[in-house]
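For the sequence shown, the positions run -3 to 232 when the working numbering is used.
Glycine is no exception: its CB is placed at the ideal position from the N, C-alpha and C atoms.
For clarity, every value in this text was computed on a predicted model and none was experimentally measured.
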Amino acid sequence: MNTTINADPQELAKFSELAHRWWDPESEFRPLHMINPLRLDWIASLVPLAGKRVLDVGCGGGILADSMARRGADVLGIDLASKPLKVAQLHAMEAGTPSIAYREVAAEALAQESPAAFDVVTCMEMLEHVPDPSSIVRACATLAKPGGWVFFSTINRNPKSFLFAIVGAEHVLQMLPKGTHEYARFIRPSELGRWCRDAGLDASGTRGLEYNPLTRRYWMSNDTSVNYLAACRKTA
Ligand code: SAH
-3 MNTTINADPQ
7 ELAKFSELAH
17 RWWDPESEFR
27 PLHMINPLRL
37 DWIASLVPLA
47 GKRVLDVGCG
57 GGILADSMAR
67 RGADVLGIDL
77 ASKPLKVAQL
87 HAMEAGTPSI
97 AYREVAAEAL
107 AQESPAAFDV
117 VTCMEMLEHV
127 PDPSSIVRAC
137 ATLAKPGGWV
147 FFSTINRNPK
157 SFLFAIVGAE
167 HVLQMLPKGT
177 HEYARFIRPS
187 ELGRWCRDAG
197 LDASGTRGLE
207 YNPLTRRYWM
217 SNDTSVNYLA
227 ACRKTA
């Protein structure tokens, strides 16, 4: 059993420091607010969420988790940063979100506690902040029921993603605080694909997310060269 925690304390501290602004759609979290309807609709188009047991790994302040609960899912959000989790809980209370719970627990620990417990597992914009992302992918696979769905999103690693996701987003447009992302931690779709296969997940589809800085709009496309999402199914 691996008991070392697969988390980078500096990464968790970064998200905790900003946590009070999580639900401000004009804050550092604007990109998450803007992409949320797109990813939510994509997930819901593949697996209707009403009545499903859903786990959101690395849920932060709960933007995706909350929206899935509002679509009728029974959602558990987990994270290892305590302040974002408190913000998520407070938001759910204030907004009266139904069927949502949050817990500070590592994905690997929950996988030992409740294997095959979830119809849907989501893990968005999180793998690129973790020392061993393949271990998170394995845990997500263990947590899904056979035939269940697992969704990831992260950032590709190539010269274009360096230019767009770091130089553009952090330095030129200043949409994100400097140091939000570290290039070496970006993940190529081929790498994510291999970790998924090794964990018993079948790739079911990939989508790209693009951004126009002039209109400040996002849209989904087939271009996975910067931000992308992957849908997988656990082999039954
Ligand atoms: N998934 C959310 C938040 C993304 S921000 C969304 O897309 O809306 C990244 C989140 O990952 C932060 O909340 C951070 O605390 C969390 N995180 C980073 N390392 C983690 C780890 N090892 N385990 C769990 N969560 C982690």
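The beta-carbon distance between residue 148 and residue 225, rounded to whole angstroms, is 7 Å. This is short enough to meet the 8 Å contact definition.
In this structure, residue 65 sits near residue 93, with a CB-CB distance shorter than 8 Å.
The DSSP-derived three-state label of residue 38 is helix. Residue 139 is positioned such that its CB atom lies closer than 8 Å to that of residue 110. Within the same chain, Cβ atoms closer than 7 Å to the Cβ of residue 24 are found at 14, 17, 172 and 173, the five residues on either side in sequence being excluded. Within the stretch 32 to 76, the complete alpha helix (DSSP H) segments at least 4 residues long are 59 to 66, listed from N- to C-terminus. Distance check between residue 128 and each of 106, 181 and 97 places 181 closest, using alpha-carbon atoms only. Pairing residue 198 with residue 229 gives a Cβ-Cβ distance under 8 Å. With respect to residue 117, residue 51 sits close: the two C-beta atoms are nearer than 8 Å.
According to DSSP, residue 229 shares a beta bridge with 145 and 198. In the DSSP annotation of this structure, the continuous segment of the beta strand (DSSP E) that includes residue 96 starts and ends at 96 to 100. For residue 213, the uninterrupted beta strand (DSSP E) run begins and ends at 213 to 217, by DSSP.
Membership of residue 83 in the alpha helix (DSSP H) is indicated by the continuous run 78 to 91.
In summary, residue 21 is exposed, with fewer than 16 beta-carbon neighbours lying within 10 Å of its beta-carbon over all protein chains present.
When Cβ pairs closer than 8 Å are counted between the two stretches, the stretch 144 to 159 is seen not to touch the stretch 206 to 216, the count staying below three. Secondary-structure assignment with DSSP links residue 150 through a beta bridge to 224.
In its chain, beyond the 5 residues on either side, 49, 50, 51, 139, 140, 141 and 144 have a beta carbon closer than 7 Å to the beta carbon of residue 114. One thing to note: residue 2 has its Cβ within 8 Å of the Cβ of residue 104. With contacts defined by Cβ atoms closer than 8 Å, residue 186 and residue 227 do not form a contacting pair. In this structure, residue 98 keeps its C-beta atom at 8 Å or more from the C-beta atom of residue 77. With a threshold of 7 Å, the Cβ atom of residue 50 does not count as near the ligand SAH, since no heavy atom of the ligand is closer than that. Remark: the C-beta of residue 122 is in contact range of the ligand SAH, defined as less than 7 Å to any heavy atom.
One alpha carbon belongs to residue 191, the other to residue 12, and they sit about 28 Å apart.
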